[in-house]
Structures are given as structure tokens and as C-alpha cells.
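Novice: Each residue of the sequence shown is one higher than the one before, counting from 1 in UniProt numbering. C-beta: ideal position from N, C-alpha, C; glycine also. Provided herewith is a single structure, encoded as C-alpha cells, for subsequent inquiry.
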Amino acid sequence: MRVAIAGGTGFLGSVLVRLLKENGHEAIILTRRSEASDNPRMVGYLSEGARPERELKDIDAFVNLAGTSINAGRWTEQRKQDILTSRITATDEIVRIIRSMKKKPDVLVNASAIGLYPTSETAIYNEEGDSGNDFLADVVKTWEHRAAEAGKEGVRTVFMRFGVILGKNDGALPLITLPYRLYAGGTVGTGRQWVSWIHVLDAARAILFALENDSVRGPVNTVAPNPLRMKEFGRTVGRVLGRPHFLPVPSFALKVALGEKSKLVLEGQRVAPSKLGSLGFRFLYPDAEEALREILKNE
């Protein structure tokens, strides 16, 4: 399978590229930068004069992971606009490329997020769950709506609603572990908020599963089957690192420090990977302690 990937050099994308190669597939990375590479192959897009459709005539699948990180920087109005615009611009361009192709790809796997669902300490959300009405929910709704245009071209379309992706050097985990490394870790906020997480390798494996299985369509909650409340998640981090879990971080302090972005850690959703489970996907790391021990080994 020949797979074109937007966001292929990022945190999750780089793991996916390696996984595709290990499974006998070819990855072609869509890039805005003017760089040349044959391993993996790079194709320019979203830059002046770029005509990626000329080089993507025999693509079997697209994966769209492009977008400004929601973890970096305070959520100013400009930052929020960048978060939305970066996702919509990349998605619209991929749909445009698909429309221009005589031989359509079989599938588009588009990134999405569990931020679509309302925050709750009691509800459990499957793929048919209600949507929220805050900033992140609005971003996700717009993002999925634009990606769904590929379906009008006869392309099977999948929305991977990722939870908190755990990896060693990027994503949320380095920030989560930092206080523990400084012997200052503890419960964040009330500690009752849910953390619906997934190991980065399982996130990449879920994308590959969606690429290879025609039965995977529409929204897919891409989270491990065993979420934890924040207090237990923090205790697990401390246990894995051999550090104490004792110094609480009050909600008001995070709201002052992070503003609206504090919702990422002070509120959460309990999300179930219902579709992945029903279709037979097997997680390598279904439990948080096992996942954290693998990621943080040799530390």
C-alpha cells in the first residue's frame, strides 16, 4: 500500500511512517518545507507552485495528521485561530487533491480528537456520544465536516478521535512527568477528572488497522480501554518513576498560569474505544502502568 501522510514528520506521524515500513507499505510524506528525500519520499504541498497531485497518481491512501499542536503555548486568540486554520487548510488541500485524481485513493484516515465530547466525571462516551460546545469541540466538528467531503468522492473516510497520546519525547507526557522528576508531583485539580490516554505505538497501530480494514469507517475513538482518573494517573506516573505523589496543584493556579488551555488537564472525558473493540483491534498497551513502564524504561 502506498500511503501519503500529512504530518508525517511529527510525534505520531514519525511512528506511523516506521510502522508502515515494517509492515511492507510505502510512506510518502506531504511537506510544506523545500526538502528532498527518497527515504521516505517527500512531496511538497501547501507551498507556492506545489502541485502534489502530479506526484500522487498511484496513492492508495491518505493519512492527515497535520495541525498546530494544542499543547504548545498559551491559547491566545491568535493561537486558537492557528489551531483551527492549520487543520482546516491541510484537510481542504487533501480533499482538493483527491478530487483532482482520476484514480481515487481507497481511504482517507483523518486525525480528530475526543475533545469533541463534553467534559464529564460520570458519562462514558462511545462514537455516538454527544458533542460539546467549547472551543475544542467546535474545532473537531469543523475538522471532521471538512474531511467528510472526501466521502463524496467515493473514498472511505475515517476520523481517528485521539485521546492523550503518550510517548517519551513529545506530546503531553514530558510535561506530566516533569514535576515528578523534580520531586514535586501530585494531584492536579480535583483529581476526579478522567484521562483517556493511548500509547503512541497503539495510536499508530490503530491508524494502520483503519487503513487495512474496509470495515473501519466514520468516527473511531482512539484511546486505550482503561482510562484513569487524574489522581490515579498521577500516582501511576510517580510509582513508575519511583517518585512521590504528594504535592497537589490547585485548579486556580493552573487557570492563572494557562488560562483557557487549563481545561486540557482540569477537565476530561471518559471515552471508550467501542468501534476498535468490536472490530477486533488488540491493544499492545491496554493498561496505563504497563504503557508508562515501556515508555519510561531505563530512566
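1. Within the stretch 49-84, note down every full beta strand (DSSP E) run reaching 3 residues or more, in order along the chain.
2. By how many angstroms is the C-alpha of L173 removed from the C-alpha of N226?
3. Just the Cα atoms here: how many angstroms apart are F246 and I176?
4. Are the CB atoms of V271 and G163 within a distance shorter than 9 Å?
5. How would you write the range of the alpha helix (DSSP H) that P179 sits in, first residue to last?
6. Would you say P40 and G8 are within 9 Å of each other, going by their C-beta atoms?
7. Pick out the complete alpha helix (DSSP H) segments inside the UniProt domain "DUF1731" (249-295), 4 residues or longer, and give them in chain order.
8. Mind checking which residues open and close the beta strand (DSSP E) that includes M42?
9. Opposite residue 301 in the DSSP bridges: which residues?
10. Can you tell me whether L247 is helix, strand or coil according to DSSP?
11. Starting from A137, trace the alpha helix (DSSP H) in both directions and tell me its first and last residue.
12. With a 10 Å radius around its C-beta and 16 neighbouring C-beta atoms as the bar for buried, classify Q81 as buried or exposed.
13. Could you round the C-beta distance between F11 and V200 to whole angstroms and report it? I think they count as a contact, below 8 Å.
14. Using the three-state DSSP reduction, which class does A184 fall into: helix, strand or coil?
15. Can you tell which of I114, Y45, V249, D214 has its C-alpha closest to the C-alpha of G154?
16. Excluding sequence positions up to five away, which residues of its chain have a Cβ less than 8 Å from the Cβ of L65?
17. Can you give me the Cβ contacts of L279 inside the same chain, cut-off strictly under 7 Å, excluding the 5 residues immediately before and after it?
18. For N133, does the count of other Cβ atoms within 10 angstroms reach 16, so buried, or fall short, so exposed?
19. Between L208 and I165, what straight-line distance do the alpha-carbon atoms span, to the nearest angstrom?
20. What are the start and end residues of the alpha helix (DSSP H) that includes L108?
21. Roughly how many angstroms lie between the CA atoms of R54 and G24, to the nearest whole one?
22. Go ahead and pull the three-state DSSP assignment for R87.
Specialist: Let me spell this out:
1. For the stretch 49-84, whole beta strand (DSSP E) runs of length 3 or above, ordered along the chain, are 61-64.
2. Cα to Cα, N226 sits roughly 17 Å from L173.
3. Roughly 14 Å separates the two Cα atoms.
4. Result yes, Cβ atoms of G163 and V271 sit closer than 9 Å.
5. It spans 173-181 - the alpha helix (DSSP H) in which P179 sits, taken as one unbroken run.
6. Yes, these two residues count as a Cβ contact at 9 Å.
7. Positions of the alpha helix (DSSP H) runs, each at least 4 residues long and wholly inside the UniProt domain "DUF1731" (249-295), are given as 251-258, 263-266, 274-278, 288-295 in order along the chain.
8. Annotation: the continuous beta strand (DSSP E) that includes M42 extends over 41-44.
9. This structure does not reach residue 301, given that the chain is present from 1 up to 299, and the question cannot be answered.
10. When secondary structure is reduced to three states using DSSP, L247 falls in the coil class, being assigned neither helix nor strand.
11. Counted as a single uninterrupted DSSP element, the alpha helix (DSSP H) harbouring A137 occupies residues 135-147.
12. Result: exposed.
13. Confirmed, Cβ separation roughly 7 Å.
14. Reduced to three states, the DSSP call for A184 is coil.
15. Among I114, Y45, V249, D214, the Cα nearest to that of G154 is on D214.
16. Around L65: I5, A6, G7, G8, G10, L12, G13, L16, A111.
17. The residues N213, S215, V216, in chain order, have a CB closer than 7 Å to that of L279 in the same chain once the five nearest residues on each side in sequence are set aside.
18. With fewer than 16 other Cβ atoms within 10 Å, it is exposed.
19. Within the model, the alpha-carbon separation for L208 versus I165 is close to 16 Å.
20. Where L108 is concerned, there is no enclosing alpha helix (DSSP H), although the beta strand (DSSP E) it sits in stretches over 107-113.
21. Computed Cα separation, rounded: 24 Å.
22. In the structure shown, R87 adopts helical secondary structure according to DSSP, grouped into three states.
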